[in-house]
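In terms of full-length UniProt numbering, the sequence shown opens at residue 1 and continues consecutively.
Think of the CB as a built atom: it goes at the ideal place given N, C-alpha and C, for glycine as much as any other residue.
In this text, all values refer to a predicted model and were calculated from it rather than measured experimentally.
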Amino acid sequence: MIKKFDKKDEESGSGSNPFQHLEKSAVLQEARIFNETPINPRRCLHILTKIIYLLNQGEHFGTTEATEAFFAMTRLFQSNDVSCHLLIKSVLTVSLLNSFMVFYSLTKDMTGKEDVYRGPAIRALCRITDTTMLQAIERYMKQAIVDKVPSVSSSALVSSLHMVKMSYDVVKRWVNEAQEAASSDNIMVQYHALGLLYHLRKNDRLAVTKMLNKFTKSGLKSPFAYCMLIRIASKLLDETEGGHDSPLFDFIESCLRNKNEMVVYEAASAIVHMPNCTARELAPAVSVLQLFCSSPKAALRYAAVRTLNKVAMKHPSAVTACNLDLENLITDSNRSIATLAITTLLKTGSESSVDRLMKQISSFVSEISDEFKVVVVQAISALCQKYPRKHSVMMNFLSNMLRDDGGFEYKRAIVDCIISIIEENPESKETGLAHLCEFIEDCEHTVLATKILHLLGKEGPRTPQPSKYIRFIFNRVVLESEAVRAAAVSALAKFGAQNDDLLPSVLVLMQRCMMDSDDEVRDRATFYMNVLQQKQKALNAAYIFNGLSVSIPGLEKSLHQYTLEPSEKPFDMKSVPLATTPITEPKTEIAPVATSKLPEKLARSRQDIYQEQLAAIPEFQSLGPLFKSSEPVQLTEAETEYVVRCVKHTFARHMVFQFDCTNTLNDQLLQKVVVQMEPSEAYEVIHYIPAPSLPYSQPGSCYSLVRLPDDDPTAGRNSSESTCDSSRPHPEDFETKLWSSMGRSRR
């Protein structure tokens with residue numbers, strides 16, 4: 001009797017794996033049934049399945065255990081049960097790789113008269129064959145490749161493909177047999193033969209081109225082989241940067257008229273993914289995908305709408321013609337298809353269709369998984385940027401989604417989308433803040449609650465009625481965790497700093513927060529209370545609105561260094577490097593809503609990079625923390641023989657001048673390069689660190705360490721307003737010249 005599991009049982013995983021709690025010792029104990037007389041093939045089949053499962057799970061069988069199991073299984077060779085024979089081959093390929101008896105047995109089956117055994121024997125034999133034994137079976141493999149039995153020929157071709165990595169030169173001698181197999185009438189043999197031929201020639205572009213020309217002209221019977229040809233042609237077009245006038249592109253486009261749906265879709269997908277494809281060139285592929293949207297097969301509908309969704313990201317106008325077919329898919333019984341259809345419509349639809357699309361989404365959004373809901377939210381976010389006047393409709397829809405059940409990633413995607421709408425549409429600010437205030441009343445995610453409180457503190461005080469947000473913020477102080485309470489206190493302080501009429505009420509609330517059980521909350525409330533009581537805008541700007549202007553990674557390093565070297569002196573914030581603009585790549589497109597589960601890494605600033613580079617030089621390790629690094633200053637003209645630029649690094653009592661030098665002479669090599677400095681009075685150069693060599697057009701760096709005078713009023717960090725760029729000596733204050741201890745050596 002077969003037990004039938006319903007959908008809930010399948011999702012919960014109950015009963016889905018009958019071998020989940022298998023133990024090797026128990027299975028080997030059961031394997032004694034191989035020795036029974038008469039042997040029962042059906043029971044042996046079940047035991048063999050268990051052994052294969054353990055092997056695939058990584059269970060190790062010792063030599064003795066594997067040998068005993070093998071000799072017990074050999075009795076099954078007397079049985080006519082094909083299933084037992086196939087399973088024996090699978091076990092042997094893993095457990096007894098070096099057994100001569102196994103090799104002999106498989107070779108005998110490979111060349112036997114039973115066609116049912118020959119294919120599995122070839123596959124198993126090639127799994128255990130090494131380079132020393134390959135010569136012994138080469139003749140048999142050539143015969144098997146051109147065998148009239150399709151299963152034997154396919155097994156030999158696939159096994160040859162696996163052995164290419166092991167012994168390419170030997171398998172390459174089987175090309176003639178593979179070409180003969182490529183003309184087979186069997187679709188799988190033809191497909192496997194083409195795959196072997198391609199992998200033998202893939203490093204020779206000319207040979208691949210000739211192979212493509214041959215098969216594209218002669219034609220193939222296998223749809224699988226056609227799909228492989230399309231992929232090979234597409235890859236070759238990409239590598240050679242061939243235009244759309246190429247014969248290869250014509251071949252791919254001709255496959256759009258193939259009788260097989262799989263080949264047609266493969267060709268359409270290849271055209272869609274080609275770079276620099278215009279809307280006109282995409283039109284044939286889009287037309288084919290449009291036909292697939294009305295297919296009775298769910299797999300074809302899903303493939304079509306998924307591909308159209310990708311096209312809509314770059315060429316939304318090309319997909320506009322499919323909008324009617326996509327709208328019919330919104331009510332598809334397959335919710336994955338419906339979700340992709342609606343997100344595609346959101347990218348291609350007009351402004352007048354937004355209201356109707358939102359109503360259609362709301363009818364099924366509660367039935368799809370969080371993963372697809374995030375996709376919908378991302379599409380809505382892109383639509384908001386396209387049609388900003390429709391923000392009210394989308395905002396209402398997003399607020400309804402916030403009330404539904406969902407995980408953290410789903411809720412974060414909605415919150416980020418609402419925040420982006422608020423930032424881009426000032427008229428939507430009050431509506432968006434109201435929805436977010438309602439959400440944090442029942443929000444169980446600390447990260448989202450603190451993010452929303454930060455936004456309320458930033459935008460709330462500038463609204464026409466800022467007092468209405470105070471209640472939502474103070475409720476967090478009363479009801480939430482420590483981190484959320486601390487964020488709420490900071491938000492309250494911003495309301496008191498910007499609104500004089502709310503200041504007395506905020507001070508009363510701050511007094512209540514000073515009795516909180518958490519020290520972080522108490523410290524913040526006490527700090528903000530004292531700042532707000534001064535009623536000075538400068539203090540409010542410095543300590544409430546503007547955060548620390550130090551580098552966060554630098555602060556972490558400085559604090560770590562302070563704990564490693566215990567001192568009676570308190571930690572000095574002035575020793576922390578100032579924050580600078582992080583080095584980031586320019587954005588070329590709108591970033592999607594973040595869905596990563598990992599926390600975002602802080603961007604490394606130029607200051608932090610210099611700190612690490614200088615700390616790696618032994619002579620600079622005792623200088624202490626780096627205070628400031630200047631912008632690069634060009635010391636020479638760009639047309640000179642040697643281009644030199646300087647970066648100043650300021651420490652407490654020293655300065656490091658970093659000279660980045662480039663040799664522009666292609667016939668000279670400089671070694672041990674130093675930039676000599678003649679300092680003015682009271683400044684002393686105490687160390688030079690040369691650049692090992694300066695080859696042509698390869699920059700190198702050398703350093704000069706200068707001690708600052710004790711009586712210099714700008715030395716050290718006596719003022720929080722002092723900066724390296726204005727108070728430190730400029731490199732032009734020193735007389736500098738490039739010098740190489742080895743002279744100019746001709747290459």
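Assuming the contact rule is C-beta atoms closer than 8 Å, His-687 and Glu-612 should be a hit. Round their C-beta distance to whole Å, please.
His-687 to Glu-612, Cβ: 20 Å. No contact.
In the DSSP output, which residue or residues are listed as bridge partners for Ala-691?
According to DSSP, Ala-691 bridges with Val-673.
Any idea which residues DSSP pairs Thr-662 with across the strands?
Paired residues: Val-643.
Under 8 Å between the Cβ atoms of Met-573 and Val-550?
In this structure, Val-550 lies closer than 8 Å to Met-573 by Cβ.
If you draw a straight line from the C-alpha of Arg-335 to the C-alpha of Ser-317, how long is it?
Roughly 25 Å separates the two Cα atoms.
In angstroms with no decimal places, state the Cα-to-Cα distance between Ser-153 and Ile-137.
Computed Cα separation, rounded: 15 Å.
Go ahead and pull the three-state DSSP assignment for Ile-583.
Caution applies to Ile-583, whose pLDDT of 39 falls short of 50 and renders its modelled position unreliable; the value that the coordinates give is listed next. Ile-583: coil per DSSP, three-state reduction.
Assuming residue 750 and Thr-348 are in contact, meaning their beta carbons sit under 8 Å apart, how far apart are those beta carbons, in whole angstroms?
In the structure as shown, the chain begins at 1 and stops at 747. Residue 750 is therefore absent and cannot be evaluated.
With DSSP collapsed to three states, give me the class of Gly-119.
It is helical.
Which of the three DSSP states is assigned to Cys-227 in this structure?
Of the three classes helix, strand and coil, the one that applies to Cys-227 here is helix, per DSSP.
Which of the three DSSP states is assigned to Thr-129 in this structure?
Looking at Thr-129 - three-state DSSP - the assignment turns out to be coil, as it is neither helix nor strand.
I think His-454 touches Ala-487, with their Cβ atoms under 8 Å apart; what is that distance to the nearest whole Å?
That belief holds up - the Cβ atoms of His-454 and Ala-487 are roughly 6 Å apart, short of 8 Å.
Secondary structure at His-21, three-state DSSP: helix, strand or coil?
Coil at His-21, not helix or strand.
What are the boundary residues of the beta strand (DSSP E) that includes Gly-700?
Run containing Gly-700: 700-707, per the beta strand (DSSP E) assignment.
Suppose you measure from the CA of Lys-411 to the CA of Leu-448; what does that come to, to the nearest Å?
Straight-line Cα distance between these residues: approximately 8 Å.
Which first and last residues belong to the alpha helix (DSSP H) in which Ile-617 is found?
Ile-617 -> no alpha helix (DSSP H), and no H or E assigned at all.
When you compare each of Asp-660, Gln-511, Asp-667 to Val-674 by their alpha carbons, which one comes out closest?
That would be Asp-660, whose Cα lies nearest to the Cα of Val-674.
Ordered along the chain, which non-local residues of its own chain (more than five positions away) have a Cβ less than 7 Å from that of Leu-282?
Cβ within range, chain order: Ile-271, Val-272, Val-311, His-315, Ala-318.
Could you pull out every residue in the same chain whose Cβ sits closer than 7 Å to the Cβ of Glu-261, ignoring the five residues on either side in sequence?
Result list for Glu-261: Leu-300, in chain order.
Using a threshold of 8 Å, state whether the C-beta atoms of Val-656 and Leu-614 are closer than that.
Yes, Cβ-Cβ distance for Val-656 and Leu-614 is below 8 Å.
Taking just the CA atoms, how far does Lys-172 sit from Arg-606?
So the alpha carbons of these two residues sit roughly 53 Å apart.
Can you list the alpha helix (DSSP H) stretches of 4 or more residues lying completely in the region 508-537, in chain order?
Complete alpha helix (DSSP H) runs here, min 4: 519-534.
Could you tell me which of Glu-409, Ser-399, Glu-438 sits nearest to Ile-421, measuring between CA atoms?
The residue with the shortest Cα to Cα distance from Ile-421 is Ser-399.
For Val-305 and Ser-269, what's the separation of their Cα atoms in angstroms?
So the alpha carbons of these two residues sit roughly 11 Å apart.
Return the residue from the list Thr-107, Pro-553, Ser-362 that minimises the CA-CA distance to Leu-626.
For the residues Thr-107, Pro-553, Ser-362, the minimum Cα distance to Leu-626 belongs to Pro-553.
Measuring CA to CA, which of Thr-446, Val-27, Glu-444, Gly-219 is closest to Glu-59?
Ranking the options by Cα distance to Glu-59, first place goes to Val-27.
Which of the three DSSP states is assigned to Lys-628 in this structure?
Correct three-state label for Lys-628: strand.
Assign Ala-156 to buried or exposed, taking buried as 16 or more other Cβ atoms, counted over all protein chains shown, within 10 Å of its Cβ.
The residue is buried, with at least 16 neighbouring Cβ atoms inside 10 Å.
When we look at the beta-carbon of Glu-641 and count the other beta-carbons within 10 Å, is it buried (16 or more) or exposed?
Burial call: exposed.
In its own chain, which residues sit with a C-beta less than 8 Å from the C-beta of Arg-201, not counting the 5 before and 5 after it?
So the qualifying residues of the chain are Ala-207, Val-208, Met-211.
Name, in chain order, the residues that DSSP records as bridge partners for Val-685.
DSSP output for Val-685 lists Val-706 as bridge partner(s).
Using the beta-carbon count (16 or more within 10 Å), is Glu-241 buried or exposed?
That one is exposed.
What residues in its chain sit with their C-beta under 7 Å from that of Gln-20, if we drop five residues either side in the sequence?
For Gln-20, where only same-chain residues beyond five positions count, there are no Cβ hits under 7 Å.
Helix, strand or coil for Gln-634, going by three-state DSSP, please let me know.
It is a strand residue.
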